[in-house]
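This report concerns only the one structure given below.
2 protein chains.
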Amino acid sequence: MGSYCFGIDVGGTTVKCGLFQTDGTLVDKWEIPTRTENKGENILPDVANAINLKLEEKKIDKADVEGVGIGIPGPINSKGEAACAVNLYWGFTPVAQILHDLTGLKAKAGNDANVAALGEAWKGAAAGAQNVILVTLGTGVGGGIIIDGKIVAGAHGAGGEIGHVTVVQDEKEACNCGNKGCLEQYASATGIVRVAGRMLAASEEDSTLRGLQNITAKDVLDAFKAGDTLAGRIMECVGGLLGSAIAGFAAVVDPEAIVIGGGVSKAGQPLIDCIQKHYIRHAFPSCKETPVKLAILGNDAGIYGAAKMVL
Amino acid sequence: MGSYCFGIDVGGTTVKCGLFQTDGTLVDKWEIPTRTENKGENILPDVANAINLKLEEKKIDKADVEGVGIGIPGPINSKGEAACAVNLYWGFTPVAQILHDLTGLKAKAGNDANVAALGEAWKGAAAGAQNVILVTLGTGVGGGIIIDGKIVAGAHGAGGEIGHVTVVQDEKEACNCGNKGCLEQYASATGIVRVAGRMLAASEEDSTLRGLQNITAKDVLDAFKAGDTLAGRIMECVGGLLGSAIAGFAAVVDPEAIVIGGGVSKAGQPLIDCIQKHYIRHAFPSCKETPVKLAILGNDAGIYGAAKMVL
Chain A
1 MGSYCFGIDV
11 GGTTVKCGLF
21 QTDGTLVDKW
31 EIPTRTENKG
41 ENILPDVANA
51 INLKLEEKKI
61 DKADVEGVGI
71 GIPGPINSKG
81 EAACAVNLYW
91 GFTPVAQILH
101 DLTGLKAKAG
111 NDANVAALGE
121 AWKGAAAGAQ
131 NVILVTLGTG
141 VGGGIIIDGK
151 IVAGAHGAGG
161 EIGHVTVVQD
171 EKEACNCGNK
181 GCLEQYASAT
191 GIVRVAGRML
201 AASEEDSTLR
211 GLQNITAKDV
221 LDAFKAGDTL
231 AGRIMECVGG
241 LLGSAIAGFA
251 AVVDPEAIVI
261 GGGVSKAGQP
271 LIDCIQKHYI
281 RHAFPSCKET
291 PVKLAILGND
301 AGIYGAAKMV
311 L
Chain B
1 MGSYCFGIDV
11 GGTTVKCGLF
21 QTDGTLVDKW
31 EIPTRTENKG
41 ENILPDVANA
51 INLKLEEKKI
61 DKADVEGVGI
71 GIPGPINSKG
81 EAACAVNLYW
91 GFTPVAQILH
101 DLTGLKAKAG
111 NDANVAALGE
121 AWKGAAAGAQ
131 NVILVTLGTG
141 VGGGIIIDGK
151 IVAGAHGAGG
161 EIGHVTVVQD
171 EKEACNCGNK
181 GCLEQYASAT
191 GIVRVAGRML
201 AASEEDSTLR
211 GLQNITAKDV
221 LDAFKAGDTL
231 AGRIMECVGG
241 LLGSAIAGFA
251 AVVDPEAIVI
261 GGGVSKAGQP
271 LIDCIQKHYI
281 RHAFPSCKET
291 PVKLAILGND
301 AGIYGAAKMV
311 L
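In order, the protein sequence lines correspond to chains A and B.
Everything in the first sequence is counted per the UniProt record's numbering, starting at 1 for the first residue and increasing by one.
Everything in the second sequence is counted per the UniProt record's numbering, starting at 1 for the first residue and increasing by one.
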């Protein structure tokens with residue numbers, strides 16, 4: 001086994017790159033731009049080039065590199081193939097194969113949220129656990145399921161697509177996925193704003209949120225933490241749907257730990273407490289004590305998880 | 001690798017036993033009584049004795065036996081230990097270790113519903129699939145999750161406890177598990193009777209179910225298949241909750257196939273059609289075509305899955 005490996009996390013504007021020792025020590029991290037022009041044809045060559053340059057710079061022999069893992073924003077099947085990646089302007093792309101051909105290294109590819117889950121399970125909030133659920137609360141709601149220390153990619157690369165579980169049966173508006181009542185419609189940053197708008201309109205209750213123009217999820221979470229009653233009710237609604245949904249996921253795979261990440265999780269422990277209260281109410285009895293934890297690797301979760309894929 | 005293996009399925013009244021070739025050919029199957037007296041202390045010695053007698057009868061050398069797998073009605077962790085098994089009057093029991101000590105064979109233990117799922121994934125409705133969800137609709141609602149051809153036992157042996165996912169937020173009555181609004185309260189045999197009772201009481205609508213004393217789930221399913229309108233509405237309610245819940249499970253692990261088993265599944269294809277219609281409505285787009293299939297191994301699913309555990 002080599003002493004080093006690379007973890008790459010491809011986003012819509014930048015590619016995060018990490019050089020690791022195989023024990024998980026981060027040796028170096030840096031970014032390159034994501035060149036999406038010409039259907040994103042430069043993205044993987046740019047990654048391969050960045051790897052080669054780093055090996056030269058560090059005077060590391062390729063024979064001493066275990067491999068390269070890469071996270072992609074889109075569904076990736078267990079062979080490391082992307083059916084498509086809308087934000088990269090890619091159609092079908094055999095990511096792992098191409099990266100192997102370009103670098104000569106063992107290469108693995110995974111969905112970015114799944115890869116972040118593996119990162120948190122390896123060196124993050126759930127370090128050492130073999131079975132973990134990560135829930136990512138960002139612009140959307142994503143996640144990743146880790147079983148026996150490995151990503152559950154799924155038959156259609158849709159493993160961990162937990163933002164699209166139906167949590168409200170009588171929703172009238174459609175989710176981006178086309179269904180109605182998806183968790184993402186309430187628990188993402190945009191979902192929280194949407195719930196806030198509805199609850200502000202439905203009552204006359206005094207709130208520091210009134211008078212703000214273009215309320216953001218951060219406004220709602222700040223008001224919640226400051227003790228605003230209406231913001232408290234908004235987050236009770238959001239936390240109730242999240243806690244109940246997560247309890248359902250836990251009844252499926254019974255993880256050792258549940259990790260909450262993404263931009264919304266910057267609200268910190270008060271958000272975790274709110275989710276956990278509802279989780280405990282709905283969880284199967286033997287799962288009620290499963291810890292609900294804040295993600296700790298932040299934007300680095302992707303490079304850690306990507307590196308772990310090849311170990 | 002030996003040419004044979006044993007699959008054992010322990011129930012509350014009988015123990016089903018199977019002798020298999022390692023290619024999955026069932027050589028012989030038979031039953032012994034489950035002796036639950038004295039805290040069930042005879043159950044595993046009786047199983048070991050049954051194995052030894054069968055080997056003598058068939059003149060098979062123990063060296064030619066790959067191992068023995070056993071399904072237990074209760075939570076089993078990934079080490080093959082039961083925290084308890086109420087129907088067997090067991091407290092903590094290291095099932096796999098005891099069975100190994102008694103037989104000298106490699107031994108594995110799993111929860112009976114999880115083991116049945118493995119059976120259906122090996123030689124049943126989802127033969128050849130590596131990733132499968134089994135939903136068992138019986139007196140309760142259970143299930144099993146198979147990932148990479150292996151049972152997801154879970155951190156507390158609660159993997160696949162999908163009967164206890166919350167599907168109704170405002171339920172007043174408690175489930176056997178203590179929570180409220182669990183899938184089992186609507187989709188088990190007793191749940192279907194409960195939904196029927198509520199809907200019969202809530203309307204005056206004509207139905208062949210009226211006038212029956214002590215309505216059973218079979219009565220409801222028979223009336224549903226015969227075209228009774230009220231029974232159709234009952235099963236729309238049940239199928240809606242089931243289809244939505246199963247779509248949620250599929251968003252977590254994205255299986256290749258979903259298998260419906262248990263006594264209620266004897267209603268056959270009309271039940272599958274009813275579940276699938278709602279499944280498709282709620283499923284994440286790339287999972288909508290995932291097949292929903294009737295279990296085909298019936299009461300033998302347990303011995304098949306138990307045998308597969310040691311292969």
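Backbone N, C-alpha and C define an ideal beta-carbon position, used for all residues, glycine too.
Being a predicted model, the structure only gives us computed values, none of them experimental.
CA nearest to the CA of residue i, picked from the options
i: A267/B; options: A201/B, V310/B, I192/B, N214/B; result: I192/B
i: I76/B; options: K218/B, K180/B, G160/B; result: G160/B
i: G67/A; options: G154/A, S3/A, G119/A; result: S3/A
i: E256/A; options: A196/A, G128/A, V135/A, D101/A; result: G128/A
i: P94/A; options: N87/A, L88/A, A83/A; result: A83/A
i: V115/A; options: C237/A, H164/A, P73/A, G24/A; result: P73/A
i: G261/A; options: C287/A, G124/A, A158/A, A202/A; result: G124/A
i: A201/B; options: A231/B, L183/B, I146/B, A283/B; result: A231/B
i: E236/A; options: A187/A, W122/A, D64/A, I98/A; result: A187/A
i: I151/B; options: M1/B, G178/B, K108/B, E205/B; result: K108/B
i: L99/B; options: I43/B, D64/B, Y89/B; result: I43/B
i: T14/A; options: G71/A, F20/A, T22/A; result: G71/A
i: Q97/A; options: S78/A, V65/A, G239/A; result: S78/A
i: residue 312/B; options: L118/B, T25/B, L221/B; result: Outside the shown range of chain B, which is 1 to 311, sits residue 312/B, and nothing can be said about it.
i: E41/B; options: Y89/B, F6/B, M1/B, L297/B; result: Y89/B
i: residue 313/B; options: G18/B, G24/B, A283/B; result: Since the first residue shown for chain B is 1 and the last is 311, residue 313/B is missing from the structure and cannot be characterised.
i: A251/A; options: E81/B, V167/B, A307/B; result: V167/B
i: R194/A; options: C177/A, M309/A, D219/A; result: D219/A
i: residue 313/B; options: G104/B, H156/B, I215/B; result: With chain B running from 1 to 311 in the structure shown, residue 313/B is simply not present.
i: G298/A; options: D46/A, N49/A, E205/A, G263/A; result: G263/A
i: L26/A; options: L209/A, W122/A, T139/A; result: W122/A
Reduced DSSP secondary structure (H/G/I, E/B, other) of residue i
i: T13/B; result: coil
i: K293/A; result: strand
i: A226/B; result: coil
i: I145/B; result: strand
i: D46/B; result: helix
i: residue 333/B; result: Lying outside 1 to 311, the shown extent of chain B, residue 333/B is not represented and no answer is given.
i: F249/A; result: helix
i: K288/B; result: coil
i: K59/A; result: coil
i: A306/B; result: helix
i: E41/B; result: coil
i: L311/B; result: coil
i: M1/A; result: coil
i: D254/A; result: coil
i: A283/A; result: coil
i: G268/B; result: coil
i: L239/A; result: Before going on, a small fix: residue 239/A reads as Gly here, not Leu. Helix at G239/A.
i: G232/A; result: helix
i: A121/B; result: helix
i: G298/A; result: helix
Beta-bridge partners of residue i, as assigned by DSSP
i: P33/A; result: T14/A
i: residue 312/B; result: A question about residue 312/B goes unanswered here, because the residues of chain B that appear run from 1 up to 311.
i: V259/A; result: L134/A, K293/A
i: D28/A; result: L19/A
For the 8 angstroms Cβ check, are there 3 or more pairs between the region 36-51 of chain B and the region 54-74 of chain A?
-> With a cut-off of 8 angstroms, the region 54-74 of chain A and the region 36-51 of chain B do not count as touching, because too few Cβ pairs lie within range.
What alpha helix (DSSP H) runs, 4 residues minimum, are completely inside the region 147-223 of chain B?
-> Restricted to the region 147-223 of chain B, the alpha helix (DSSP H) segments that are unbroken, complete and at least 4 residues in length are 184-187, 189-202, listed in chain order.
What residue ranges within the region 79-118 of chain A form continuous alpha helix (DSSP H) runs of no fewer than 4 residues, ordered along the chain?
-> Those alpha helix (DSSP H) runs which fall completely within the region 79-118 of chain A and span 4+ residues are 95-103.
How about the region 278-285 of chain A and the region 268-275 of chain B: do they share at least three Cβ pairs that are nearer than 8 angstroms?
-> As far as the Cβ criterion goes, the region 278-285 of chain A does not touch the region 268-275 of chain B, which means the pair count is below three.
Any 3 or more C-beta pairs closer than 8 angstroms across the region 132-142 of chain B and the region 39-56 of chain B = Taking 8 angstroms as the limit for Cβ pairs, the verdict is that the region 39-56 of chain B does not touch the region 132-142 of chain B.
Examine the Cβ distances between the region 158-176 of chain B and the region 291-304 of chain A and report whether three or more of them are shorter than 8 angstroms.
-> Because the criterion of three Cβ pairs below 8 angstroms is not met, the region 158-176 of chain B and the region 291-304 of chain A do not touch.
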